[in-house]
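Engineer: Quick one: this structure, given as structure tokens, is what I'll be asking you about.
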Amino acid sequence: MAIRYDEERRIFKLDTKHTTYIIGLTPEGYVGHAYYGDYMESGDVFYLLRTGERPLTPSALPREKSSFLDFFPAEYPTGGIGDYRESCLDVRGSAGCRGCEILYDSHRIRKGKPKLNGLPASFGTEDETETLELVCVDKVLNLRVILSYSVFEEEDIITRSVRLINEGEECLRIEKVLSACLDMDDEEFEMVTLVGGWARERGVQRRRITYGKQMVSSAKGESSHQEHPFLALVTPQTTEQQGRVYAMNFVYSGNFIAEAELNQHDAVRMVMGINGEDFCWNLRGGEEFQAPEVVLTFSGEGFGKMSRSFHDFYRKHLIRSPYLHKKRPVLINNWEATYFDFDTEKLLDIAREAKKAGIEMLVMDDGWFGKRDNDDSSLGDWTVNEDKLKGGLKYLVDEVREIGLEFGIWFEPEMISPDSMLYREHPEWAIHIPGRQATQSRAQYVLDLSNPEVVDYAYECVAKILRSAPISYVKWDMNRQLSDLGSSYLERDSQQELFHRYVLGLYEMQERLVSEFPGLLLENCSSGGGRFDPGMLYYSPQIWCSDNTDAVERLAIQEGTALIYPLSTMGAHVSDCPNHMTGRNTPFETRGHVALAGTFGYELDITKIPEKDREMIPGQIKDYHKYNELIREGDYYRIASYRENHKYDCYLVAAKDKSEALMTFVQVQCVPTFHGKKIKLLGLDSKAVYRLEGTEQVYTGEMLMKGGFIIDFVQGDGMSRLYHFVRQSEDHIKK
Ligand code: DGJ
């Protein structure tokens, strides 16, 4: 049993394989956080709440209630009643005052995990997970607050979410509803977040936590390029293999906050949820509000274990696509090959050449619809541009399939160009503030997805095209953030629901898409990786990682992404050089090695690249077929980070049964010390004997992990090597 309630001690004990989480109920019904960390046999730790030591509990000392609230480690702190740290729930009642206090009412422990209404969320069978629902109430507001915890023992993951039910008649204004909180006061922590911008998504940032609040957030309407819905608090010496890591990741694709706060008592509060900025939800009598889910993990063995817990969890309990455990077709995308300048003949030329090289799918990117020859127009007008695609879309798809490739297509369904038929007909469908000229970004506005009619229209545009031809893949793009928040559909006092309703509309569209086209391979994208989050992974098994396809830059982007997300989710392509964004030249071989760590594909004009590069493609595709299962399903270990050392990068993927491992070494900047460079491997079976493929050299796992492996030196910047270690059978070793 993963969840137990000790009635006498009023303690809930949540156990995973290596971790324990303990919740305690005070006599008054305050729900306290007693412990989270390494697995503990005994749950008898109510004393950790220190309610006895400092008799500040409201029943013992009502005159010091505020001191109690500001000190007590709360499971779900509420605002306006004397806890001055970040609250998780701010409610304004019918009298117009903000204040909420929730006390334990009842609980339920059940096998499995219920779905979250309208939201993406993890799932598990009755054998894989158990759920605790802690029901708390605020009797003054008539508000029921259900705190849900699902425990995934195998993966060392606990998920948390919150449901609010207005049991009264008056409307409650929910001004903030976060999904999880962790109050801790036993360590000094550093804070690790993922930050960056367009074309440099998810760089790892680490800093000391100081007094006050520090956070990452998004108020852009998407999870964003700049800051990421992830937060880890780590002990100062934490490395890949050592140290204590508490991490949260948000299953949501809109505005978020992820915050750490160090207070006067040297206690740290860590919270995550929907950003309260420009959020307010009218919860009318009898209505419910479901807040999205936070995925929580603790690792006592550094970042490596944290990443592998997230990877296993997302592969097993979040991503639903039938492609999850399959090799994705090797695709060629025409974006960096042609941008908007293509027609049927050009695409067929690419397809013919691609087929010869062993590529399996052609993806037609932006520019095939309306009168779109650049990014100034036509979003919303999803009719095929027959000046470019002579004979129509079906003809092109049939021809491509005749050549022997599958066909994929690009959409940006959430957008509307001011220069479009749709805008001329329905200007009110664009998000805008009445009387104010809405801000354009990439010459486009955002559709108001809070309006069901707009959701229906936008979905049907996509679906009609997919019904018209045998299309195997969709790239769903989103190229601007939200601004000028105003909806012509929502009532005046519901305007602050728009950000969240937008995300719900998006999820509804994607849910419809995967239900109507269950065989479709969906890749999400947002100007590269601006919406790479667990929410989107619920619908698509892969997300375009970044518009930056430079192999060197990708090392850092993919490393930051893989801190949380499985390699199988990272859209990665080999592109042409000099790289269109950085102007950098890297060997074609290295570009292939780096893209192998993701979904793998090409994004170049195969009819124009140098002959010697084209000749390498069949070999790269052979490597993809050979190693993809290992990369997709295996355990990922970071060995050296170019982001940190500015010279080289090294990572390894080991099979779950440790029968093989593939190590990638990229020498970004060649320095003389690479001559005879020693690398210590990770993740092998120390007792097993491994042969380095292509050689007769054998090593024990222990030799490779403790002693190290000497890389073969080659001169030159940007060179890379793949090393495949294969465990030898007993017989082979004896011989
Ligand atoms: C942004 C994407 O990230 C690119 O790959 C490409 O699809 C363009 N949009 C097209 O407009």
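Residue numbering for the sequence shown is 711 to 1445, as defined by the numbering used here.
We put the CB at the ideal spot given by N, CA and C, even for glycine.
As the structure is a prediction and not an experimental result, all values here were calculated from the model.
(1) Under 8 Å by Cβ, that's how I've got Val1004 and Met958 pegged, so tell me the actual separation to the nearest angstrom.
(2) So, for Arg820: in the same chain, excluding its five sequence neighbours on each side, which residues have a beta-carbon less than 6 Å away from its beta-carbon?
(3) Could you check whether Asp1022 and Glu1218 sit closer than 7 Å to each other, using their CB atoms as the reference points?
(4) Just verifying my parser: in three-state terms, what is the DSSP assignment at Gly1240?
(5) Is Asp748 near the ligand DGJ - that is, is its Cβ less than 6 Å away from at least one heavy atom of it?
(6) Report the rounded CA-to-CA distance for Val1284 versus Thr948, giving the unit in angstroms.
(7) In the DSSP assignment, the beta strand (DSSP E) including Ile1113 goes from what residue to what residue?
(8) Which residue wins for smallest C-alpha separation from Tyr935, given the options Asp1243, Ser1250, Cys798, Pro1123?
(9) Need the endpoints of the alpha helix (DSSP H) that Ile1175 sits in, please.
(10) State yes or no: is the C-beta of Phe999 within less than 7 Å of the C-beta of Leu1089?
(11) Does Phe1384 come out as helix, strand or coil in the three-state DSSP assignment?
(12) Could you compute how far the alpha carbon of Glu774 sits from the alpha carbon of Leu813?
(13) Is the Cβ-Cβ distance between Leu943 and Phe1013 less than 7 Å?
(14) Helix, strand or coil, according to DSSP, for Pro708 in the structure here?
(15) Among Gly753, Met925, His728, which one has its Cα closest to the Cα of Arg916?
(16) Nearest to Leu766 by CA position, among Ser776, Glu1070, Ala1365, is which residue?
(17) Please state the DSSP three-state secondary structure of Ile1327.
(18) Have a look at Ile856 and Val887 and give me their C-alpha separation to the nearest angstrom.
(19) Please classify Ser1396 as buried or exposed, where buried requires at least 16 other C-beta atoms within 10 Å of its C-beta.
(20) Does DSSP put Asp780 in a helix, in a strand, or in coil?
(21) Quickly, what does DSSP pair Ile856 with across the bridge? List them, please.
(22) Taking His1303 as the reference, give the member of Gly1118, Gly995, Leu1372, Ser1236 with the closest Cα.
(23) Do Ile1126 and Leu1132 have their C-beta atoms closer together than 7 Å?
(24) Could you tell me if Gln1150 is buried or exposed, where buried requires 16 or more neighbouring beta carbons within 10 angstroms of its beta carbon?
(25) Take the Cβ of Val741 as the centre, count every other Cβ of all protein chains shown within 10 Å, and call the residue buried at 16 or more, exposed below.
(26) At a cut-off of 6 Å, would you count Gly1090 as near the ligand DGJ, judging by its Cβ distance to the nearest heavy atom?
(27) Mark Leu771 as exposed unless 16 or more other C-beta atoms lie within 10 angstroms of its C-beta, in which case mark it buried.
(28) State the DSSP-derived secondary structure class of Val801, mapped to helix, strand or coil.
(29) Let me know the secondary structure DSSP gives Leu1192 once reduced to three states.
(30) Using only the heavy atoms of the ligand DGJ, determine whether one of them is closer than 6 Å to the beta carbon of Cys1255.
Structural biologist: Taking the structure as given:
(1) 5 Å
(2) Thr841, listed in sequence order.
(3) Cβ atoms of Glu1218 and Asp1022: not closer than 7 Å.
(4) coil
(5) In terms of side-chain proximity, the C-beta atom of Asp748 is found no nearer than 6 Å to any non-hydrogen atom of the ligand DGJ.
(6) In a straight line, the C-alpha of Val1284 is about 34 Å away from that of Thr948.
(7) Taken as a continuous stretch (DSSP letters only), Ile1113 belongs to no beta strand (DSSP E), being part of the alpha helix (DSSP H) at 1102 to 1113.
(8) The question names Tyr, but residue 935 in the sequence shown is His. Restricting attention to Asp1243, Ser1250, Cys798, Pro1123, the CA atom closest to the CA of His935 is found in Asp1243.
(9) Start and end: 1162 to 1177.
(10) Not closer than 7 Å, so no.
(11) helix
(12) 18 Å
(13) no
(14) Because the chain here runs from 711 to 1445, residue 708 falls outside it and cannot be looked at.
(15) Looking from the CA of Arg916, the closest CA among Gly753, Met925, His728 belongs to Met925.
(16) Restricting attention to Ser776, Glu1070, Ala1365, the CA atom closest to the CA of Leu766 is found in Ser776.
(17) helix
(18) 12 Å
(19) exposed
(20) DSSP places Asp780 in helix when its eight states are reduced to three.
(21) Val845, Arg873
(22) Leu1372
(23) Cβ atoms of Ile1126 and Leu1132: closer than 7 Å.
(24) exposed
(25) buried
(26) no
(27) exposed
(28) strand
(29) coil
(30) no
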